[in-house]
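Worksheet for the structure shown next.
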Ligand code: PMP
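Below, the structure written as structure tokens:
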């Protein structure tokens, strides 16, 4: 397995990061995950644009332009012979003596990349449908920044795992914010696709954007508005989206069956449209 650290491709076993890295000490960094299907990156330009925006929001210089990142990602995919899965990349504020405020000028960001093989297109869970549990959203107020500070999501997804569920849907003031690592959607009885509008309360999902575009092109009705847990329990269909799951049907939330416990027809259609787009 070959990984990338600060300009070098090297065996995973030989890769290391100094203990004073601010990513390790403060979670002071940003990450991205792009899907790989058929050996090719999916919607990668949008992921790199979000990376640039996240880095800018916390004042870390983006060490590469989009073309530079893409070259590195493609080389890592080739070196690992990856056909399906994801490329993880992370940029932290670098290595410096531990002190909260930014390090002195000249400290370079730390860049780490690795690939993970995963079955996304033919994931059997997408045929069965995923179960979800709701958990309180314990995160900070800038969830639009894709920060490596993921403790609230670690705890949320552990709660889901202990309940035998595939994902946690986080909620705040009775309304669903998003999944632990995905965007949450429901579909009403009259076929309207509902998802929370973009704000600092959620991460602007790249898959979310693509799915909304595909839904619009298919003439489906979209409502960008917060929805409550109660509304989700009563929904005709539900699903979540992410680069690592694409469109994942939800068949149960907190033990309550959604859509008779089967992936819904509109959800399946959206998954099909997304897969077509991703494979093109
Ligand atoms: N929300 C959160 C909190 C996430 O971690 C993710 C996955 N990165 C998403 C939404 C989905 O984003 P994307 O479609 O860009 O993978």
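Residue numbers (the numbering used here): -13 to 266.
C-beta: ideal position from N, C-alpha, C; glycine also.
C-alpha distance - residue 172 paired with residue 224, whole-angstrom precision: Counting from one through the chain shown, the residue named residue 172 turns up at place 186. Counting from one through the chain shown, the residue named residue 224 turns up at place 238. Inter-residue distance for residue 172 and residue 224 is about 4 Å (C-alpha atoms, whole angstroms).
Integer-rounded CB distance, given that residue 119 should sit under 8 Å from residue 240: Here residue 240 refers to the residue found at position 254 when the chain shown is read from its first residue. Here residue 119 refers to the residue found at position 133 when the chain shown is read from its first residue. Confirmed, Cβ separation roughly 6 Å.
Exposure of residue 106, with buried meaning 16 or more beta-carbon neighbours within 10 Å: Translated into positions along the chain shown, residue 106 becomes position 120. When all chains shown are included, residue 106 counts as buried.
Close beta carbons around residue 202, own chain, < 8 Å, minus the five adjacent residues each side: For this step, residue 202 is matched to residue 216 along the chain shown. Excluding sequence neighbours, residue 202 sits near 208.
Inter-residue CB distance, residue 28 and residue 73 (contact presumed, cutoff 8 Å): Walking along the chain shown from the start, residue 28 turns up at place 42. Walking along the chain shown from the start, residue 73 turns up at place 87. Their Cβ separation, rounded to whole angstroms, is 10 Å, which puts residue 28 and residue 73 out of contact at 8 Å.
Best match in 256, 194 and 214 for proximity to residue 159 [C-alpha to C-alpha]: Mapped onto the chain shown, residue 159 falls at position 173. Of the candidates 256, 194 and 214, the residue whose Cα lies closest to the Cα of residue 159 is 214.
beta-carbon residue 257 near the ligand PMP non-hydrogen atom, thresh 7 Å: The residue you call residue 257 lines up with position 271 of the chain shown. Every heavy atom of the ligand PMP is 7 Å or more from the Cβ of residue 257, so no.
Heavy atom of the ligand PMP within 7 Å of residue 181 beta-carbon: Counting from 1 along the chain shown, the entry for residue 181 is found at position 195. No; taking the cut-off as 7 Å, the Cβ of residue 181 has no heavy atom of the ligand PMP nearer than that.
Any non-hydrogen atom of the ligand PMP within 7 Å of residue 153 CB: To locate residue 153, count along the chain shown from 1; it is residue 167. No, the beta carbon of residue 153 sits no closer than 7 Å to any heavy atom of the ligand PMP.
Distance cut-off 7 Å: residue 72 Cβ against heavy atoms of the ligand PMP: Start at 1 with the first residue of the chain shown, and residue 72 comes out as number 86. Result no, Cβ not under 7 Å from the ligand PMP.
Sequence-distant residues of the same chain with beta carbon closer than 6 Å to residue 230, five excluded per side: On the chain shown, position 244 is the one that residue 230 refers to. Taken in chain order, the residues that qualify are 72.
Coarse secondary structure for residue 224, derived from DSSP in three states: Reading the chain shown from its first residue, position 238 is the one you call residue 224. In the structure shown, residue 224 sits in a strand (DSSP, three-state: E or B).
Cβ neighbours of residue 66 in the same chain (closer than 6 Å, five flanking residues each side left out): By 1-based counting over the chain shown, the position of residue 66 is 80. Cβ within range, chain order: -12 and 101.
Residue 193: first and last residue of the uninterrupted alpha helix (DSSP H) it sits in: Mapped onto the chain shown, residue 193 falls at position 207. DSSP places residue 193 in the uninterrupted alpha helix (DSSP H) bounded by 192 to 203.
Own chain partners of residue 188 with C-beta closer than 8 Å, once the 5 adjacent residues on each side are dropped: In the chain shown, residue 188 corresponds to position 202, counting from 1. Excluding positions up to five away in sequence, the list reads 129, 130, 163, 164, 169 and 182.
Distance between residue 83 and residue 262 (C-alpha atoms, nearest Å): Numbered from its first residue, the chain shown carries residue 262 at position 276. Numbered from its first residue, the chain shown carries residue 83 at position 97. Near 49 Å, if we compare the C-alpha coordinates of residue 83 and residue 262.
Cα-Cα separation, residue 9 to residue 2: As a working mapping, residue 9 is identified with position 23 in the chain shown. As a working mapping, residue 2 is identified with position 16 in the chain shown. Each residue's Cα considered, the two are about 13 Å apart.
Residues of its chain near residue 236, where Cβ-Cβ distance is below 7 Å and the 5 sequence neighbours each way are ignored: Within the chain shown, numbered from 1, the residue matching residue 236 stands at position 250. Taken in chain order, the residues that qualify are 115, 116, 118, 224, 225, 226 and 244.
Within 8 Å, strictly: CB atoms of residue 15 and residue 76: Indexing the chain shown from 1 puts residue 15 at position 29. Indexing the chain shown from 1 puts residue 76 at position 90. For residue 15 and residue 76, yes; Cβs fall inside 8 Å.
Inter-residue Cα distance where the pair is residue 191 and residue 46: Here residue 191 corresponds to residue number 205 of the chain shown, with the count starting at 1. Here residue 46 corresponds to residue number 60 of the chain shown, with the count starting at 1. So the two alpha carbons sit approximately 21 Å from each other.
Straight-line Cα distance separating residue 167 from residue 139: Translated into positions along the chain shown, residue 139 becomes position 153. Translated into positions along the chain shown, residue 167 becomes position 181. Approximately 7 Å between the Cα atoms of the pair.
Residue 232 classed as buried or exposed, judged by whether at least 16 other C-beta atoms fall within 10 angstroms: Numbered from its first residue, the chain shown carries residue 232 at position 246. Classification for residue 232: buried.
Contact under 8 Å by Cβ, residue 69 with residue 95: Here residue 69 corresponds to residue number 83 of the chain shown, with the count starting at 1. Here residue 95 corresponds to residue number 109 of the chain shown, with the count starting at 1. No, these two residues do not count as a Cβ contact at 8 Å.
DSSP state of residue 237 mapped onto helix, strand, coil: The sequence position of residue 237 within the chain shown is 251, counting from 1. Strand at residue 237.
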